[in-house]
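Asker: Listed in order, the protein sequences are those of chains Y and P.
Those letters in the first sequence? Residues 1 to 215, by the working numbering.
Those letters in the second sequence? Residues 1 to 215, by the working numbering.
Below is a structure I'd like to ask you about.
Number of protein chains: 2
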Amino acid sequence: MTNFEQSRYSHQLGSILLERNESNTPLGSGHPATFFPAGSEIYAQGETCGNLYQVEFGAVRIYRLLSDGRRQISAFHLAGEMFGFEVDKSHHFFAEAICGTGIRVLSPSAAHVVAELLPMALQSLVRAQEQLLVLGRQNAVERVAAFFLEMSERQGGLRQVELPMSRLDIADYLGLTIETVSRVFSKLKSKGVIRLPSLRSVEIVKLQTLQDMAA
Amino acid sequence: MTNFEQSRYSHQLGSILLERNESNTPLGSGHPATFFPAGSEIYAQGETCGNLYQVEFGAVRIYRLLSDGRRQISAFHLAGEMFGFEVDKSHHFFAEAICGTGIRVLSPSAAHVVAELLPMALQSLVRAQEQLLVLGRQNAVERVAAFFLEMSERQGGLRQVELPMSRLDIADYLGLTIETVSRVFSKLKSKGVIRLPSLRSVEIVKLQTLQDMAA
DNA sequence: GCACCGCGTTGACCCGGATCAAAGCTCGAA
DNA sequence: TTCGAGCTTTGATCCGGGTCAACGCGGTGC
């Protein structure tokens, strides 16, 4: 790991020590759930895989790193969502808890899991391909607007949207810098399109305007 | 469709008239194959889906459009590769033949297809997620270098790489403009990293340098 | 052979977002 | 309650790649 990366993501490195903190709470489907503190690693790139994971509560980021520390978050996973599928025997990505997060580990051989696997994988594929359009062809305002709409939709379409992740996470998801993300937040706020009741929540005030901006 | 788009992709629009030109050549697995002329549409966004497609020969581009005509190609598919899986009943993307292309249409219910479906979908997912890193975090030179290496790998790892697609297709795949793609090609050529024996082929001369450039 | 036309290349200039720098918040710990 | 560290915001400047424009080249039809 480079110095750059260490300074940028130092809080995450520290928390690796806490990984796989088994609190062993039995939850739905009779599967054991595991608690991961904020910033802890769920799995690492290159690690042998084989399990699937379902978010019980909290949020997860999936990402890759370049050798110089540049990071791209390919997906966030919120409560109820599954992640961890891979083509071969090892993980191609890192997965970390964004905040205190409960994860249910599923055996991919269980019958009900196999049946769900293909639709889940296809859902992830479509979402990744749509994100390609955002990263390849949209400007900063369009990316942020699309992000708010995506998060709103995934939280039941409410106007009040919770953002479990930091500005740095959002920047690394949208292919921007924190400064640009922050500036766009301020701009949308000053235009009255959104309100920012707190650092980690957004209220969509002018939905139509936001949708027009995301185009 | 906007004026901008019409001028930019006019050759494709013209060829829509030729779509689904059934030449009905029976090929491997006993499935009928269909010939699609260069630029013709295989399916359109919003169309009802249900079939899967396998490239017999030629090449296919999968893409989305923004309302103002900006285009993002999410994938190229070469001979042997499958495409067309979707989550719901309609296509989220456009698929077009890049050059004269033979497509085998597969019924997704066939037993041997079902077995292959999940691995294929996962392969596409990983490729899309890796492309997110390219679009989100790499500069123009890194994108083009990564593209050459990807095409080389998918053509058996040879140093001589055929590019069935135009510079515009490459630009829309890499999230760049044709001018930038062209400039990077010229730069790599003048540095002796590649040779350009013809417009549509590249020879990788300094493989290690190219790999270093792709970061 | 020649003219045309679409694709590709090259040059000049511009601008959106990155980078660098400096405050301002916020929240937990003492 | 204060302090401090890390996150966030804001400002100033820079630069990579986009935009605009002109030219080159290669294939096609006459």
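Virtual Cβ for every residue (Gly too), placed ideally from N, Cα, C.
The structure displayed is predicted, hence computed values, not measured ones.
Using a Cβ-Cβ cutoff of 8 Å, what residues of the region 116-134 of chain Y are near chain P? List them in chain order.
Answerer: Going along the region 116-134 of chain Y in chain order, one finds Leu117, Leu118, Pro119, Ala121, Leu122, Gln123, Ser124, Leu125, Val126, Ala128, Gln129, Glu130, Gln131, Leu132 and Leu133 with a Cβ nearer than 8 Å to chain P.
Asker: Indicate the three-state DSSP secondary structure (helix, strand or coil) for Y/Val202 in the structure shown.
Answerer: In the structure shown, Y/Val202 sits in a strand (DSSP, three-state: E or B).
Asker: Using Cβ-Cβ distances below 9 Å, what residues of the region 149-182 of chain P are close to chain Y?
Answerer: Within the region 149-182 of chain P, the qualifying residues are Asp172, Tyr173, Leu174, Gly175 and Leu176.
Asker: Assuming P/Ser74 is part of the beta strand (DSSP E), what are its boundary residues?
Answerer: Segment Arg71 to Leu78, the beta strand (DSSP E) holding P/Ser74.
Asker: Bridge partners for P/Tyr63 per DSSP, in chain order?
Answerer: P/Tyr63 is bridged to P/Ile73 and P/Phe94.
Asker: If we count the other Cβ atoms within 10 Å of its Cβ and call it buried at 16 or more, is P/Gln45 buried or exposed?
Answerer: Exposed, since its Cβ has fewer than 16 Cβ neighbours within 10 Å.
Asker: If you follow the alpha helix (DSSP H) that Y/Glu116 is part of, which residue opens it and which one closes it?
Answerer: Here the alpha helix (DSSP H) through Y/Glu116 covers Ala111 to Arg137.
Asker: Using only alpha-carbon positions, find the residue among Y/Arg127, Y/Ala145, Y/Arg183 and Y/Phe83 that is nearest to Y/Asp212.
Answerer: Residue Y/Ala145 is the option with its Cα nearest to Y/Asp212.
Asker: With DSSP as the reference, identify every bridge partner of P/Val161, one or two as the case may be.
Answerer: Partner(s): P/Val202.
Asker: Counting pairs of beta carbons, one from the region 180-193 of chain Y and one from the region 151-160 of chain Y, are three or more of them closer than 8 Å?
Answerer: Flag = no, the region 180-193 of chain Y and the region 151-160 of chain Y do not touch.
Asker: Considering only residues of the same chain and omitting the five flanking positions on each side of P/Leu163, which have a CB-CB separation below 6 Å?
Answerer: Excluding positions up to five away in sequence, the list reads Arg200.
Asker: CB P/Ala79 to CB P/Phe57, shorter than 7 Å?
Answerer: Yes, the Cβ-Cβ distance between P/Ala79 and P/Phe57 is below 7 Å.
Asker: Taking Cβ positions, are Y/Glu86 and Y/Cys49 nearer each other than 7 Å?
Answerer: Yes, these two residues count as a Cβ contact at 7 Å.
Asker: When the cut-off is 7 Å and only beta carbons count, does P/Gly136 lie next to chain Y?
Answerer: Cβ-Cβ to chain Y under 7 Å: yes for P/Gly136.
Asker: Hey, Y/Ile62 and Y/Asp169 are a contact pair by Cβ (cut 8 Å); roughly how many whole angstroms apart?
Answerer: Contact flag wrong, Cβ pair sits at about 11 Å.
Asker: Rounded C-beta distance between Y/Val181 and Y/Leu188? I'm assuming under 8 Å.
Answerer: With a Cβ gap of about 11 Å, Y/Val181 and Y/Leu188 do not count as contacting.
Asker: Please look up how many angstroms separate the CB atoms of Y/Met120 and Y/Met82, rounded, as I've assumed it's under 8 Å.
Answerer: Right, their Cβ atoms sit about 5 Å apart.
Asker: Counting only Cβ-Cβ distances shorter than 8 Å, please list the residues of the region 80-103 of chain P near chain Y, keeping chain order.
Answerer: Going along the region 80-103 of chain P in chain order, one finds Phe85, Glu86, Val87, His92 and Phe93 with a Cβ nearer than 8 Å to chain Y.
Asker: Got a sec: is the Cβ-Cβ distance from Y/Arg64 to anything in chain P below 7 Å?
Answerer: Yes, its Cβ sits closer than 7 Å to a Cβ of chain P.
Asker: Any idea if Y/Leu27 is buried or exposed, counting beta-carbon neighbours within 10 angstroms, 16 or more meaning buried?
Answerer: Any reading at Y/Leu27 must be qualified, since the residue scores a pLDDT of 36, below 50, and its modelled position is unreliable; the value itself is stated next. Y/Leu27 is exposed by the Cβ-count criterion.
Asker: Does any residue of chain Y bring its CB to less than 7 Å from the CB of P/Ser67?
Answerer: Chain Y, which has a Cβ nearer than 7 Å to the Cβ of P/Ser67, makes this yes.
Asker: Could you confirm whether any beta carbon from chain Y is found closer than 7 Å to the beta carbon of P/Ala215?
Answerer: So, interface residue.
Asker: If you run the structure through DSSP and keep just helix, strand and coil, what is P/Glu81?
Answerer: Three-state result, P/Glu81: coil.
Asker: At least one CB of chain Y closer than 7 Å to the CB of P/Arg195: is that the case?
Answerer: No, its Cβ sits nowhere closer than 7 Å to a Cβ of chain Y.
Asker: Leaving out five residues on either side along the sequence, give the residues of the same chain with a beta carbon under 6 Å from the beta carbon of Y/Arg235.
Answerer: A query on residue 235 of chain Y cannot be resolved here, the shown segment of chain Y reaching from 1 to 215 and no further.
Asker: Is the shortest distance between the beta-carbon of Y/Ser109 and the beta-carbons of chain P less than 7 Å?
Answerer: With 7 Å as the cut-off, Y/Ser109 does not count as an interface residue toward chain P.
Asker: According to DSSP, is P/Thr177 helix, strand or coil?
Answerer: In the structure shown, P/Thr177 sits in coil (DSSP, three-state: anything other than H, G, I, E or B).
Asker: Between Y/Val55 and the rest of its own chain, which residues show a CB-CB distance below 7 Å, the 5 nearest in sequence each way excluded?
Answerer: So the qualifying residues of the chain are His77, Leu78, Ala79, Gly80, Glu81, Thr101 and Ile103.
Asker: Do you know whose CA, among Y/Val60, Y/Val184 and Y/Arg64, lies nearest P/Val126's CA?
Answerer: The shortest C-alpha separation from P/Val126 is found at Y/Arg64.
Asker: Return yes when the Cβ of P/Leu122 is within less than 7 Å of the Cβ of P/Leu52, no when it is not.
Answerer: Not closer than 7 Å, so no.
Asker: Contact criterion: CB-CB distance below 7 Å. Does Y/Gln54 meet it with respect to chain P?
Answerer: It does not; no Cβ of chain P falls within 7 Å.
Asker: Less than 7 Å between CB atoms is the rule here; does P/Gln45 satisfy it with respect to chain Y?
Answerer: It does not: the Cβ of P/Gln45 has no partner Cβ on chain Y nearer than 7 Å.
Asker: Roughly how far, in whole angstroms, is the beta-carbon of Y/Glu47 from the beta-carbon of Y/Ser90, given that I think they are within contact range, below 8 Å?
Answerer: With 8 Å as the limit, Y/Glu47 and Y/Ser90 qualify as a contact, their Cβ atoms being about 6 Å apart.
Asker: Got a sec: is the Cβ-Cβ distance from Y/Gln220 to anything in chain P below 7 Å?
Answerer: Here chain Y has residues from 1 to 215 only, and residue 220 of chain Y is not among them.
Asker: For P/Ser40, count neighbouring C-beta atoms within 10 Å of its own C-beta (all shown protein chains included) and say buried if the count is 16 or more, exposed if not.
Answerer: With 16 or more Cβ atoms within 10 Å of its Cβ, P/Ser40 is classed as buried.
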